[in-house]
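For reference, the structure discussed in these notes is given below.
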Amino acid sequence: MTGFADAFREVRSSWRRRWTIAVVAFAVAAFAPLVFGEARTADLADGLYLACAAVGLAFAVGVAGLPSLAQGAFVAVGAVIGAHLLAAGAPTPLAALAGGVGGGLSGWIVGYAFARLPRAGFAAATWIVSWLVAFALQSITWFLGGSQGIVVSGGPTAAQHYELALVVTGLAALGYLALARSPIGLRLAAARDREPAALALGVPVLRVKAAAVAASGTVAGIAGALAVQLAGIGDPSQYDPFLSFRLFVVVLVGGALSPLGPPAGMLVLGLLSLAADAVGRLENIAAARAHTLLTAIMLLGIVSLGWEGIVRPERPARRGAPGAGPGRMKPTTLAATALGKSFDNVIAADDVALTVEPGSITALVGPNGSGKTTVLRMLAGTIAPDTGKITASPGAVARTLQSTAVFPTLTPLEHILVASAGYRRRGGLIRSLFATPKARAEDAAYVENAQRVLVRFGIPHELPAGELPVSDQRALMLAAAYATGASVLLVDEPTAGASVAEAARISDLLRSLRAEGLALLVVEHNLGVVRSLADRIVVLDAGRVLADGSPDLVAADENVRAAYLGRSAL
Numbered sequence: 022m023t024g025f026a027d028a029f030r031e032v033r034s035s036w037r038r039r040w041t042i043a044v045v046a047f048a049v050a051a052f053a054p055l056v057f058g059e060a061r062t063a064d065l066a067d068g069l070y071l072a073c074a075a076v077g078l079a080f081a082v083g084v085a086g087l088p089s090l091a092q093g094a095f096v097a098v099g100a101v102i103g104a105h106l107l108a109a110g111a112p113t114p115l116a117a118l119a120g121g122v123g124g125g126l127s128g129w130i131v132g133y134a135f136a137r138l139p140r141a142g143f144a145a146a147t148w149i150v151s152w153l154v155a156f157a158l159q160s161i162t163w164f165l166g167g168s169q170g171i172v173v174s175g176g177p178t179a180a181q182h183y184e185l186a187l188v189v190t191g192l193a194a195l196g197y198l199a200l201a202r203s204p205i206g207l208r209l210a211a212a213r214d215r216e217p218a219a220l221a222l223g224v225p226v227l228r229v230k231a232a233a234v235a236a237s238g239t240v241a242g243i244a245g246a247l248a249v250q251l252a253g254i255g256d257p258s259q260y261d262p263f264l265s266f267r268l269f270v271v272v273l274v275g276g277a278l279s280p281l282g283p284p285a286g287m288l289v290l291g292l293l294s295l296a297a298d299a300v301g302r303l304e305n306i307a308a309a310r311a312h313t314l315l316t317a318i319m320l321l322g323i324v325s326l327g328w329e330g331i332v333r334p335e336r337p338a339r340r341g342a343p344g345a346g347p348g349r350m351k352p353t354t355l356a357a358t359a360l361g362k363s364f365d366n367v368i369a370a371d372d373v374a375l376t377v378e379p380g381s382i383t384a385l386v387g388p389n390g391s392g393k394t395t396v397l398r399m400l401a402g403t404i405a406p407d408t409g410k411i412t413a414s415p416g417a418v419a420r421t422l423q424s425t426a427v428f429p430t431l432t433p434l435e436h437i438l439v440a441s442a443g444y445r446r447r448g449g450l451i452r453s454l455f456a457t458p459k460a461r462a463e464d465a466a467y468v469e470n471a472q473r474v475l476v477r478f479g480i481p482h483e484l485p486a487g488e489l490p491v492s493d494q495r496a497l498m499l500a501a502a503y504a505t506g507a508s509v510l511l512v513d514e515p516t517a518g519a520s521v522a523e524a525a526r527i528s529d530l531l532r533s534l535r536a537e538g539l540a541l542l543v544v545e546h547n548l549g550v551v552r553s554l555a556d557r558i559v560v561l562d563a564g565r566v567l568a569d570g571s572p573d574l575v576a577a578d579e580n581v582r583a584a585y586l587g588r589s590a591l
């Protein structure tokens, strides 16, 4: 009972006016069958099932940033499975569950196959999937019985289907909300905003993107299985590629970053469809063509005007509580020997050897093109060396990127939660979806830890990271790398373009991390910062180590002076 009481208090404290409006609208909508006839109620139920599928699509489009045009295909998969089971006499819940499993597996396959592509490529690939499924339904007759379809008899009445569709759509919206605020949702948002930075923080980008498409496919499959029973027949013509296109437009119209957006978009599209029917009758245009034309015009308007949807997202409040947050790996020595890397005929690294000890700062210096970033990427595991060996404990190394690379739509607190998510034990899909007491307790402990990290690094909590000053963004990148729990930090040009005061701030933070026992490898062009910070300096020249030793020893090296410094002094 304590868990339920805590959950109730959390819901009450985070309640918003828009949720009151949504609950009231939901309650009022439940009485629709008393107002409309059976035929109109069936139409409303069918629209709600499509709204449910659109909510699932919004998770992929909004949170994950994947412009999927295959949602109609996942609806079709659920409908095929549901139609066969229902025709064989299976109960409605079993058919819906099987349809969801089929849609989810299809989504996982599509996500894993195409999530590596850029967004335009992902949209094109999923659009082709919709066409392939539509052709299969038309050509392979046993899928849905060919042109005659599969007859599905019995089951709930139209009014009962309407109430079921309303409940399923509401549950889908709650599921969206739970997943979007979960560690999985934060990791997806980070990958959506800036994938290289997410990878640098250890986010398994491909896996979480595939999970997002699988989740959207699961919701679509459930909706498809229930909708085919409502229709009473599995008709291949209902699942043409236009269904995916229509669902995509619904999400964009209503807003992809809120679970209330897709139902709002479906309502708008429904009202405009009535207008299209009227125009079609006046101009003697077939209703289907009028709807297609209207939807295409809406998409053009959305794209050209930069429309963000009817329902805008609200940033959730995150509250901390005392508890065990993420730990930190034991002090680790990072050692590399004989590293070599070539890109075509360009040798980026040649027989590079270096060691980074706990409680020390090693500076890696050299002119542009000397191979510093390539070496850093090999040490971080982003690229594999052609030759040589790197020794470090698994997961012990974290890296910051060369340019300022924060996630602009996430708050600093959410940055730290993304970075520390790899240590979560109760932040998986199922626990997050059902917001179990242990998952909520763990989340509160991690929020508390994230707040402590931000205080230590002097970063404000509340603003989106894209609105922070550049100095705070640089500090946030360092704080996020620290929050991964890694014992070795690879820091790429932390003071690039910084003022004297900003460089001093970053230098102080690096010293404090060294005092904590971390091993730091810092790529830096500011020689004053290098001299004040480094315990050891490694100089690269055309991919080879030119000098390696203490600052005084390297500064006195004539080869270093001749090659890099000229008359300057290190």
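Those letters in the sequence shown? Residues 22 to 591, per the numbering used here, in order.
Idealized CB from N, CA, C, for every residue including glycine.
On a predicted model such as this, the values are computed, not experimentally measured, just so you know.
In the DSSP assignment, residue 475 falls within the alpha helix (DSSP H) that extends over 458-478.
Fully enclosed alpha helix (DSSP H) runs of no fewer than 4 residues occupy 140-160 and 162-165 of the region 129-189, in order along the chain. Annotation for residue 64: the continuous alpha helix (DSSP H) segment containing it runs 59-79.
Counting along the chain, residue 395 sits inside the alpha helix (DSSP H) bounded by residues 393-401. In this structure, residue 551 lies away from residue 567, with their beta-carbon atoms at least 9 Å apart.
The three-state secondary structure of residue 230, taken from DSSP, is helix. Counting only runs of 3 or more residues that sit fully inside the region 548-585, the beta strand (DSSP E) segments are 557-562 and 565-570, in chain order. Per DSSP, residue 294 has no beta bridge partner at all.
85 is the residue among 579, 271 and 85 whose C-alpha sits nearest the C-alpha of residue 228. Residue 494 and residue 483 have their alpha carbons spaced roughly 13 Å apart.
Beta-bridge pairing by DSSP links residue 52 to no other residue. Residue pairing by DSSP puts residue 362 in a beta bridge opposite 370. DSSP lists 171 as the bridge partner or partners of residue 255. Only residues of its own chain outside the window of five on either side were considered, and among them 354 and 540 have a CB closer than 7 Å to the CB of residue 378, listed in chain order. Residue 281 sits in coil when the DSSP states are folded into three classes, being neither helix nor strand.
Within the same chain, 91, 147, 150 and 234 come within 7 Å of residue 131 by CB-CB distance, once the 5 residues on both sides are set aside. The criterion of a C-beta distance shorter than 9 Å is satisfied by residue 97 and residue 155. If you look at residue 502, you'll find it isn't in any beta strand (DSSP E); it sits in the alpha helix (DSSP H) that goes 491-504. In the three-state scheme derived from DSSP, where H, G and I count as helix and E and B as strand, residue 453 is classed as helix. Sequence-distant partners of residue 293 (beyond 5 residues in either direction) whose C-beta falls short of 8 Å from its own C-beta, in its chain, are 315 and 319.
Taking every protein chain shown into account, the CB of residue 121 has 16 or more other CB atoms within 10 angstroms, so this residue is buried.
Comparing C-alpha distances from residue 179 to each of 460, 474 and 250 shows the shortest one belongs to 250. Ranked by Cα distance from residue 76, the first of 277, 542 and 476 is 277.
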